[in-house]
Every structure is written in C-alpha cells, then in structure tokens.
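The structure appears below as structure tokens.
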Amino acid sequence: MKCALMNINDMLVFAEVVDRGGFTAAGNSLGKPKSAISRTVSRLEAALNVVLLERSTRHHTLTEIGKIYYVHCVRIKEEVESAASSIETLSDTPFGKLRVTTSVTVGQNLINPILDGFIKAYPEVLLDVRLMNRRVNIIEENFDVLIRVGILQDSNLMARHLCSPTLHWYASPDYIKRHGIPAEDLSDLSEHHCVFMNAFSENAEWQFSRGNSSQRFQFTPRFACDDYRMLRQRVLDGVGIGELPDYLCKDFENKGQLQKVLISWQGSQVDIHAVVAGRKSMTPKIKVFLDYLIETFRAS
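Okay, so the sequence shown: first residue is 72 according to the working numbering, each after it adds one.
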C-alpha cells in the first residue's frame, strides 16, 4: 500500500503523457521539463517492472499492459480531481489553480490589462493563463475557463457574455498615398488590395452594414492569417485594407499610423464569451473570476 500511495503522482503524470500525446506536451501542461516527465514514467515502469510505453525518436506507443494501466490511472485522476473539486465547492473562500485559456490577441489586449485587480482581490487563487490560437476542448484539456470569440456550438457548455467589440476597416497612410481611399459606395473596392482574418471562415468575405442596408463583398486576399495582431501589422506595412477590432487600432490611429476608411459602414460585431464546462463545475474560484470579468467589461 505504501508503494502504491507513493506512486499516485507518477500515475497522474503517466496519464497526462498519454492524454497529451507525448512527454513535451505533458511537460508544458504540468509546468515541468520534458526530462522530468520522462524520468517519472521510467520510475513508474521500474516500480511496476513492466514497459508502459514503447519509445522511438518520434513516437510513443502504449503497450498492451500500458493500455490497461492507463485506464486505472484515468480513474484515479478523475477521483483526485473530483475530491479537490468537492472540497473547494464546500469552501466559501476561492482558492487553488485556475486554468484559463484564450487567443493571443484577446489575451494580450483585453484580458491581460485587467488581471491585476483579480490577482490582488483573490490572493489564494493561482491564475494559470495559456494563450493559444486554436480550438480548445475545455474538458479534455482540463481548463476551468475558456474565453473565446464567436458562437458557442456545444450546448453542454455554459457561456457568459463579456463584450462585443466592433470591427472597422483600416489602412495605413502609405497605402492610401499609393492607392487612394476606397469609395464609400464600395464601387472601387475590388480594385484595392485587401487582407483577411481567416480564423472564423476560409471564405474571404466582408459584411458591410449601414442603417437598414447591408452588402457583402467577396474577394481574393493579398494576405490572410488567423491572428488579428499579425493582420494589423500587414495593414501597418501598407499591404492592404483590413477589417480590425477598434481596440487593436485606437493607439495607432491616434498616432497617425492607421486611418479608418469606409467610415460610413459598420463591420462585423464579434461576441466574446467566457465559457465553462457547466453549472456543476462552478466552483467558487470560477464563479468569482466570471463575475470579475463581467463586471470589469461592463464598467469599461
């Protein structure tokens, strides 16, 4: 029994290696170097006197014994997490690690500037924030809160609305000097160079709204990417006109480095939500973090 108890942490690390698909990814998730993760799995194999993972330079494959052992490790992991969650739910004081993920742009420009107030208000909560420009499975990847842009598609998740930034079209003074300002009636827009944010759709299309009227414009972009900061840089470089969130462009506009064009039109409105796994997972630390985000965005 003593040996089994000593190896519980090693079992959890082994489960993380399998879940993440390798030592490096598991190390990133657990905040440990790859070498430490590898030593932990080797120690576990030595204690059990079996091989759990067949290793090669590029791949790690579960052995038959490893597959069986992994199932038991997952059960233990779930019990450990359930026990911690139960204790936290019974506590009135928010505490423990809070794992949050969002995109690089939203994280750096909207979330990072407001975190200081939360950290000072809740010193017992350890914020662990990961910025990733990809789809995240909040349950499988063990995140508490996912801050995402766009429509929530999974009905099993619970979303709280934070804000709806407006997008407008911007160009650099250099671009305008070389190509002119596009006409407000959109008649010459097809003659202009355009850059496109393709994180939400591979089809390059802009939606223009003005009063009760709206128009769509389809085009072949001069440049496309899935990150607004990179897109903004191309606009600053004079590559083309881009549709960007106002919060990303305000400072550059004030400095004369960017200029709004097509100003009589409004671009897309993107909804930003804080997403959690469901009401059952609403521990005190998650609740106070959501409340803080909502109140802070509402005040701004």
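Note that the Cβ used here is the ideal one computed from N, Cα and C, for glycine as well.
These figures come from a predicted structure and were not determined experimentally.
Query, Result
"Please work out which residues of its chain come closer than 7 Å, Cβ to Cβ, to Phe189, disregarding the five sequence neighbours upstream and downstream, and give them in chain order.", "Phe360 and Tyr363"
"Quick one: Cα of Cys144 to Cα of Ser335, how far?", "59 Å"
"Return yes when the Cβ of Gly313 is within less than 8 Å of the Cβ of Tyr241, no when it is not.", "yes"
"Using the DSSP secondary-structure output, state which residues sit across from Glu125 in a beta bridge.", "Thr132"
"Expressed to the nearest angstrom, what Euclidean distance is found between the alpha-carbon atoms of Gln286 and Asp317?", "21 Å"
"With DSSP as the reference, please indicate the residues paired to Glu276 in a beta bridge.", "Gln289"
"Is the CB of Gly98 under 8 Å away from at least one CB in chain C?", "The displayed structure is made up of one protein chain only, and chain C is not part of it."
"May I have the straight-line CA-CA distance separating Glu212 from Asp187, to the nearest angstrom?", "25 Å"
"Please state whether the Cβ-Cβ distance between Ile379 and Val177 is less than 8 Å.", "Any question about residue 379 goes unanswered here, given that the chain covers just 72 to 371."
"Leaving out five residues on either side along the sequence, give the residues of the same chain with a beta carbon under 6 Å from the beta carbon of Asp215.", "Leu169, Arg170 and Ile357"
"Nearest to Pro355 by CA position, among Arg281, Tyr193 and Thr132, is which residue?", "Tyr193"
"Run through DSSP, which three-state label would Pro355 get?", "helix"
"Taking the alpha-carbon of Pro244 as reference, which of Met229, Leu329 and Val207 has the nearest alpha-carbon?", "Leu329"
"Hey, which unbroken runs of the beta strand (DSSP E) at 3 residues or more fall wholly within the stretch 239 to 279?", "265 to 268"
"Would you be able to state if there are at least three C-beta pairs under 8 Å between the stretch 143 to 158 and the stretch 288 to 299?", "no"
"Have a look at Ala154 and Tyr141 and give me their C-alpha separation to the nearest angstrom.", "20 Å"
"To the nearest whole angstrom, what separates the beta carbons of Leu124 and Gly137, a pair I think is in contact under 8 Å?", "6 Å"
"Keeping to the same chain, check which residues put their C-beta closer than 6 Å to that of Leu76; ignore five residues upstream and five downstream.", "The predicted position of Leu76 is uncertain, since its pLDDT is 49 and thus under 50; a value taken from the coordinates is nonetheless stated next. None."
"In the DSSP assignment, find the alpha helix (DSSP H) that holds Arg206 and state where it starts and stops.", "Arg206 -> no alpha helix (DSSP H), and no H or E assigned at all."
"In the stretch 139 to 216, which residue ranges form an unbroken beta strand (DSSP E) of at least 3 residues, counting only runs that do not cross its ends?", "167 to 173 and 196 to 202"
"Mind checking who Ile334 pairs with in its DSSP beta bridge?", "BP columns for Ile334 are empty, so no partner."
"Pick helix, strand or coil for Ala295, following the three-state DSSP scheme.", "strand"
"Counting only the same chain and skipping the five closest in sequence on each side, list residues whose C-beta sits under 8 Å from that of Glu195.", "Thr164, Pro165, Phe166 and Gly167"
"So what does Ser339 bridge to, in DSSP terms?", "Ser339 pairs with nothing; no bridge assigned."
"Determine the contact status of Leu315 and Leu238, defining contact as a CB-CB distance below 8 Å.", "yes"
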